[in-house]
Every structure is written in C-alpha cells, then in structure tokens.
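To start, the structure under review is shown below, and the notes come after it.
Residue numbers (the UniProt record's numbering): 1 to 264.
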C-alpha cells in the first residue's frame, strides 16, 4: 500500500513539474513584455516638475561630462589651432558649453541630482591626445573626436526630448539640441571630419539591418556612382529629375549693369 501511495505521489509530482515547465515560457514572456514600463516607474522619482526617470538623470550627467572636456578642448583650439575654421569651432564650443553647463548645474540642483566635477577617464584620454598633437594632425583629431562625441550625444538628446515627463529636463534637452547641432555644423565646416569613419563606426555598432528601398539602377556593386545625366537630354518624369525653376525676383545689382566690353 505504501509503495502504491509513493508511486501516486511521484506521478502527481511529475505532472505538476511538466505543467510548470509548459507554463514558464508563457509567464516569463508576459513578464518581459512589461519590464520596460515597470523599470521606468520604479526608477522614477516624483518632483514638482514631473517624474524624473533614470534616463533623465543620466542625461544630466552626460551634459555635465560633455562640458567638462569639450569646453577646455574648445579653449585649446582657440589658442593653438593654425586655421581660422578650427578656431571658430573652438569658440562655439566654449560659448555653447559654458552656457549649457550652467543650465545643467542649475537643473541638477533643483532636482537633487549629483553631478561629476571632472571628465571621465575616456574624455581625459581624448584631451591628452589633443595636447600631444599639433598642426594638421591636431586639426584632424580635434574635428573627428569632437564631431563623433557630439553625434553620439545628439541621439541621446533626441530620445530624452521625446520621452521625458519632466519639464525642466525637456527644456534642457531643447537647449542642448540647439547647442549640439550648432557645434556639429561648425565642426563639419572645418573640412576635417572623416564621414567614412563615422559611418563605418555606426555600422559596426548597428544591431539591425536597414530596411530602406534598394539602390537605384545603375549603381555598381563596387560603389561607383553612375554618370550624371546630360541636362540637355529629356529624362522623362521631370518631377523627379529636375528642380523647379526659381521664382522671378527683383533684379540684382549684377542684372542692372551691362557686361563690360571685351578687352582689345
């Protein structure tokens, strides 16, 4: 009798274990589906300006860190760069980050977020790398390092501006967006940015394949672009192959003078 009872218990236990194994994937999948929102709520703290999430706090720290190394990098460029374009970019970094850093510290004080007081290890390495370079090498390193850093933080600014529920963080993200875009524009205007390197680094870190339309007909697999069409030859659908003619406007100073006669 005891053996029969023990056998029945083992059978029941086996059935329970099997059912549990079948239900576990369903339960775990349902749990994962709500993890993002659960983490958002559990990591957020209430403030008079709206909930402050972990992403919001990370954004404040990153803005502060950016100023801690990009401002001295800009000052160094103003003092050392041999060309006007690099010096102008450095000046924009100094002015922009001085203002943005002051705003970030003010917001952090109101929200009770502790900020760092020195660049992180990687940023200190970038500053040492710039200090050790000069001439054209310095200009290439300055433009590439700063453009790459600004491009990466630009994505974070957009994410925070889109998703934050805190009005102070939203306003800071708006200010940061304008500042970072200005710096990107100035750095690219130096002519020293290697866009191939930026694209290759971004592609190496991508986790999904692009899903855009296929390449236009005529693009060779080796990347050689097709020859530009002759503008004198009609190409069919002009809505895609030609730009609209500019609207007529008032004559310019050049239009109001007759061309000078040819020299004898």
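Don't be surprised by glycine CBs; every beta carbon is placed ideally from N, CA and C.
Bear in mind that the values here come from a model prediction, so they are computed numbers and not experimental data.
Within 8 Å, strictly: CB atoms of residue i and residue j
i           : j           : result
residue 116 : residue 65  : yes
residue 73  : residue 154 : no
residue 177 : residue 56  : no
residue 164 : residue 86  : no
residue 193 : residue 144 : yes
residue 127 : residue 119 : yes
residue 100 : residue 196 : no
residue 130 : residue 76  : yes
residue 162 : residue 96  : no
residue 80  : residue 138 : yes
Spatial neighbours of residue i in its chain, beta-carbon cut-off 7 Å, leaving aside the 5 residues before and after
i           : result
residue 40  : 53
residue 160 : 55, 56, 59, 169 and 173
residue 36  : none
Closest residue to residue i among the options (Cα-Cα distance)
i           : options              : result
residue 62  : 162, 149 and 46      : 149
residue 68  : 173, 104, 78 and 135 : 104
residue 123 : 95, 71, 99 and 100   : 71
residue 157 : 179, 147 and 96      : 179
Residue i versus residue j: straight-line alpha-carbon distance, rounded
i           : j           : result
residue 187 : residue 58  : 25 Å
residue 98  : residue 135 : 26 Å
residue 185 : residue 92  : 10 Å
residue 38  : residue 78  : 47 Å
residue 47  : residue 200 : 41 Å
residue 82  : residue 89  : 12 Å
residue 140 : residue 42  : 44 Å
residue 151 : residue 114 : 25 Å
residue 205 : residue 147 : 17 Å
residue 49  : residue 121 : 33 Å
residue 213 : residue 125 : 41 Å
residue 216 : residue 203 : 21 Å
residue 102 : residue 132 : 29 Å
residue 198 : residue 106 : 33 Å
8 Å Cβ shell around residue i - same chain, five flanking residues per side excluded
i           : result
residue 236 : Note that residue 236 has pLDDT 37, beneath the 50 cutoff, so the model's placement of it is unreliable and no number is given.
residue 45  : 51 and 52
residue 108 : 60, 64, 114 and 115
Cutoff 8 Å: residue i Cβ touching any chain B Cβ
i           : result
residue 200 : Looking at the structure shown, chain B is missing, and only one protein chain is on hand.
Check: Could you give the uninterrupted runs of the alpha helix (DSSP H) lying entirely in the region 19-104, keeping only those of 4 residues or more?
Finding: As far as the region 19-104 is concerned, its whole alpha helix (DSSP H) runs of at least 4 residues are 35-43 and 54-80.
Next item on the list: Just list the alpha helix (DSSP H) runs in the region 134-207, keeping only unbroken ones of 4 residues or longer that don't cross its boundaries, in chain order.
Entry: If we require 4 residues or more, the alpha helix (DSSP H) runs fully inside the region 134-207 come out as 135-163, 167-188 and 195-204.
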